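Residue numbers (the UniProt record's numbering): 1 to 605.
Note that beta-carbon positions come from the ideal geometry of N, C-alpha and C, so glycine has one too.
None of these values were measured; they are calculated from a predicted model.
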Amino acid sequence: MPLFWALLERAALLLLVVLMALELRPLRPLAAPVTGRRLRALQGLLFGAFGALGTAFGLVTVDGRWSPVPLFLHSPLPPEAYVIDLAPIPVAIGGLLGGPAVGGVAGLVAAGAARLLVGVGAAPLQAADVAAGLVAGGLSVFFGGPRLMVPARAFFVGMLLPIVQVGAVLVARGDAPSAVRWADEAGPPLVGVMGAALAAFSAIILGAQQALWQASARKMRQALSVLEKALRHVAGAEPAAWAEDVARLLQGELGLEGAAVADERRVLASAGRPPAGLQAGSALRHPAAAEALFSRRAVVDGANVFVPVEAGEKAIGLLVLTFGRPEAIGPVEEAIAHGIGSLLSKQLSALEAERYRTLAREAELRALQAQIHPHFLFNTLTMIHALIRRDPERARRAVVDLAHVLRYVLTADDREWATLDAELAFVRAYAEIVHARFSGRIRIEVRVEAGVDPTAIVLPPVVIQPLVENAVRHGLRAKDGGGTVSVRAMPERGGVLVAVEDDGAGFPPKFLAAWKTAGELDPAAAAEAPFAGSADAGGGKKERPLGAAGTGIGLKNVDARLRRRLGPASGLRLENRPEGGAAVRFWLPAERPDTRPPETPAALR
Numbered sequence: 001m002p003l004f005w006a007l008l009e010r011a012a013l014l015l016l017v018v019l020m021a022l023e024l025r026p027l028r029p030l031a032a033p034v035t036g037r038r039l040r041a042l043q044g045l046l047f048g049a050f051g052a053l054g055t056a057f058g059l060v061t062v063d064g065r066w067s068p069v070p071l072f073l074h075s076p077l078p079p080e081a082y083v084i085d086l087a088p089i090p091v092a093i094g095g096l097l098g099g100p101a102v103g104g105v106a107g108l109v110a111a112g113a114a115r116l117l118v119g120v121g122a123a124p125l126q127a128a129d130v131a132a133g134l135v136a137g138g139l140s141v142f143f144g145g146p147r148l149m150v151p152a153r154a155f156f157v158g159m160l161l162p163i164v165q166v167g168a169v170l171v172a173r174g175d176a177p178s179a180v181r182w183a184d185e186a187g188p189p190l191v192g193v194m195g196a197a198l199a200a201f202s203a204i205i206l207g208a209q210q211a212l213w214q215a216s217a218r219k220m221r222q223a224l225s226v227l228e229k230a231l232r233h234v235a236g237a238e239p240a241a242w243a244e245d246v247a248r249l250l251q252g253e254l255g256l257e258g259a260a261v262a263d264e265r266r267v268l269a270s271a272g273r274p275p276a277g278l279q280a281g282s283a284l285r286h287p288a289a290a291e292a293l294f295s296r297r298a299v300v301d302g303a304n305v306f307v308p309v310e311a312g313e314k315a316i317g318l319l320v321l322t323f324g325r326p327e328a329i330g331p332v333e334e335a336i337a338h339g340i341g342s343l344l345s346k347q348l349s350a351l352e353a354e355r356y357r358t359l360a361r362e363a364e365l366r367a368l369q370a371q372i373h374p375h376f377l378f379n380t381l382t383m384i385h386a387l388i389r390r391d392p393e394r395a396r397r398a399v400v401d402l403a404h405v406l407r408y409v410l411t412a413d414d415r416e417w418a419t420l421d422a423e424l425a426f427v428r429a430y431a432e433i434v435h436a437r438f439s440g441r442i443r444i445e446v447r448v449e450a451g452v453d454p455t456a457i458v459l460p461p462v463v464i465q466p467l468v469e470n471a472v473r474h475g476l477r478a479k480d481g482g483g484t485v486s487v488r489a490m491p492e493r494g495g496v497l498v499a500v501e502d503d504g505a506g507f508p509p510k511f512l513a514a515w516k517t518a519g520e521l522d523p524a525a526a527a528e529a530p531f532a533g534s535a536d537a538g539g540g541k542k543e544r545p546l547g548a549a550g551t552g553i554g555l556k557n558v559d560a561r562l563r564r565r566l567g568p569a570s571g572l573r574l575e576n577r578p579e580g581g582a583a584v585r586f587w588l589p590a591e592r593p594d595t596r597p598p599e600t601p602a603a604l605r
């Protein structure tokens, strides 16, 4: 058999052994670039061991005849014998993967093995092994690391290895005719075999990496689909509300052996075949579960992955993903499990933050109501006291209207929605009190136009009355002769347009400019603009920001509540009327609030 085919056969066997070894689970991570001194040292030792195997797979040539390397020699080879070493192939692979450091370690290990296996004639082989690791590692860094694993570049590196080995032999043997003849015979086959070996290895590794990337991409798409569906079930920060749906979803969509969802004490729900002790309803006593909850990181235990679920700053639950066997859990599976837990935790944290914001807004509403009620109640009771003797009938009607107003406002926190009919009835009762209190000087008119069914339209409670109160306080109360506030509900493109208009002082231009530029995106920004009736600092009258105590609940809060509950199309639109006075309009959709509101009507653009 010609020398080329003999070398190719042995190089192929060597590559087969290396690839089979790298398929072992403990060694699999070392088949790719690694970080950290410990892993890089292990990678160098591993490919150095493969280099020792390459020496054992080598050949000895004597006068053109070749034979396997006689191992563990303790006497020098005859002068006419030359060793063809295949150790540079795995050593160079180590250099390509890990750079000069890994290549150098692999070369030193292979050189030591060559001295042990070949004996005193191994000096040229030892030098060639170390040089191969350093050269391949240096070229890996020069060409950019992983990019060198392209087969064409790996073939180029492989072509350099025989030059190093043949050069080392020629230096050691001098200009002996047999050495030159050996270089002529062995050099060309070695160039082809080593180049082909490195190119084949890089092609196999590159194909495996691409297959892994494609599998990872499929699994990531699958995980994102699972997350999208799981997030639909997550309605609050407590796992009990979504545990069963999410457990079934994870087990079915990811093809798991089993799945379970637990809180800090017990298993809330399970699907498939979860591990013993993690069935629904059982106490959470698994050591890995306790470790995951305490460390707030994913823990792999056998065929199970325990993933903590967090809300805010603490772990509130646990996802348990059970695979068929421990070998099925690779880096991709661990990353997907961690990603599902992390994104679910972020969603729960966002929901918890929104819940706290809602509680804060409700607390603000209650605080404002607490400020409004005593003042409003005191003024109204004073008015009723004055009416009792001179007009008992008006006093009686005022008491009835006051009872209606207080009942509606005090129970507003208990209702999520109110009908437009109930809101307008509340405004009418408030209007009667205002009319009596100001002796008819201020009038409030409420009108529902044809085509509007106020019993079918819903909105957050206590929305219209604050707008009327602001119009009375800031538009009409300081006006000589009083004025009129008009509340109209009219059909508008499938919904209802509500307009609160007055013939008072109107909005200051500065306030309108602030609202139009900032208020529609952040009403709080416009809320700091001075409202009607304020003066500059030089006038001696302190400016009162919109929404502060004394302006009712405030346009700021009304606008925020409408936008939050009904969408941006329902936010307040403010303007001054051409004939004088101010106008505040907002639009209500005809659909139920849990559907997306239609586009903004033309009247509000």
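Are residue 293 and residue 315 closer than 8 angstroms when you measure CB to CB?
-> With contacts defined as CB atoms closer than 8 angstroms, residue 293 and residue 315 qualify as a contacting pair.
Element boundaries [alpha helix (DSSP H), containing residue 510] | Looking at the DSSP string, the run of the alpha helix (DSSP H) that includes residue 510 is 509-514.
Assign residue 385 to buried or exposed, taking buried as 16 or more other Cβ atoms, counted over all protein chains shown, within 10 Å of its Cβ.
-> By the neighbour-count criterion, in which a residue is buried when 16 or more other Cβ atoms sit within 10 angstroms of its Cβ, residue 385 is exposed.
Please confirm if the region 46-62 is in contact with the region 78-90, defined as three or more CB-CB distances below 8 angstroms between the two stretches.
-> Taking 8 angstroms as the limit for Cβ pairs, the verdict is that the region 78-90 does touch the region 46-62.
What's the call for residue 613, buried or exposed, on a 16-neighbour Cβ count within 10 Å?
-> Residue 613 cannot be examined here, being either before or after the span of the chain that is shown, 1 to 605.
Could you tell me whether the region 388-401 touches the region 418-426, where touching means 3 or more Cβ pairs closer than 8 angstroms?
-> No: the two stretches stay apart, fewer than three of their Cβ pairs being nearer than 8 angstroms.
For residue 490: DSSP bridge partner residues | DSSP output for residue 490 lists 497 as bridge partner(s).
Whose C-alpha, out of 332, 88 and 156, is nearest the C-alpha of residue 56?
-> The shortest Cα separation from residue 56 among 332, 88 and 156 belongs to 88.
Given that a residue counts as buried once 16 or more other Cβ atoms are within 10 Å of its Cβ, and exposed if not, what is residue 556?
-> Around the beta-carbon of residue 556, 16 or more other beta-carbon atoms lie within 10 Å, marking it buried.
Helix, strand or coil at residue 298 [DSSP, three-state] | Reduced to three states, the DSSP call for residue 298 is coil.
Answer with buried or exposed for residue 132, where buried requires no fewer than 16 other C-beta atoms within 10 angstroms of its C-beta.
-> Classification for residue 132: buried.
Cut-off 7 angstroms between Cβ atoms - residues of its own chain near residue 482, not counting five sequence neighbours on either side = Excluding residues within five positions, the ones whose Cβ falls inside 7 angstroms are 438, 441, 442 and 476.
Using 10 angstroms around the beta-carbon of residue 509, count the other beta-carbons present and answer buried if the total reaches 16, otherwise exposed.
-> Flag for residue 509 reads exposed.
Assuming residue 405 and residue 429 form a contact by the criterion Cβ under 8 angstroms, report the distance between their Cβ atoms to the nearest whole angstrom.
-> That belief holds up - the Cβ atoms of residue 405 and residue 429 are roughly 5 angstroms apart, short of 8 angstroms.
In or out: residue 5 buried (at least 16 other Cβ within 10 Å) or exposed?
-> Under this definition residue 5 is an exposed residue.
In the DSSP assignment, what residue or residues form a beta bridge with residue 579?
-> DSSP output for residue 579 lists no bridge partner at all.
For residue 117, which of 338, 96, 51 and 244 has the nearest alpha-carbon?
-> Taking each of 338, 96, 51 and 244 in turn and checking the Cα distance to residue 117, the smallest one comes out for 51.
Should residue 460 go down as buried or exposed, given a rule of 16 or more other Cβ atoms within 10 Å for buried?
-> Buried.
6 angstroms Cβ shell around residue 166 - same chain, five flanking residues per side excluded | Answer for residue 166: 183 and 187, listed in chain order.
Rounded Cβ spacing between residue 450 and residue 479 (contact assumed at less than 8 angstroms) = Between residue 479 and residue 450 the Cβ distance is about 32 angstroms, and since that is not below 8 angstroms, they are no contact.
Tell whether a beta-carbon distance below 8 angstroms holds between residue 123 and residue 172.
-> Inclusion of residue 123 and residue 172 in the CB contact set at 8 angstroms is warranted, their separation being smaller than that value.
With DSSP as the reference, please indicate the residues paired to residue 485 in a beta bridge.
-> Residue 485 is bridged to 444 and 502.
Contacts around residue 196, its chain only, beta-carbon distance under 6 angstroms, and the 5 residues preceding and following it disregarded | Excluding the 5 residues flanking it on each side, residue 196 has no same chain C-beta neighbour closer than 6 angstroms.
Touching or not, the region 84-98 and the region 20-28, by the rule of three or more beta carbon pairs under 8 angstroms?
-> The region 84-98 makes no contact with the region 20-28: fewer than 3 CB pairs, one atom from each, lie closer than 8 angstroms.
Whether residue 137 touches residue 102 by CB criterion (8 angstroms) = Less than 8 angstroms separates the beta-carbon of residue 137 from that of residue 102.
Under three-state DSSP, which class holds residue 109?
-> Three-state result, residue 109: helix.
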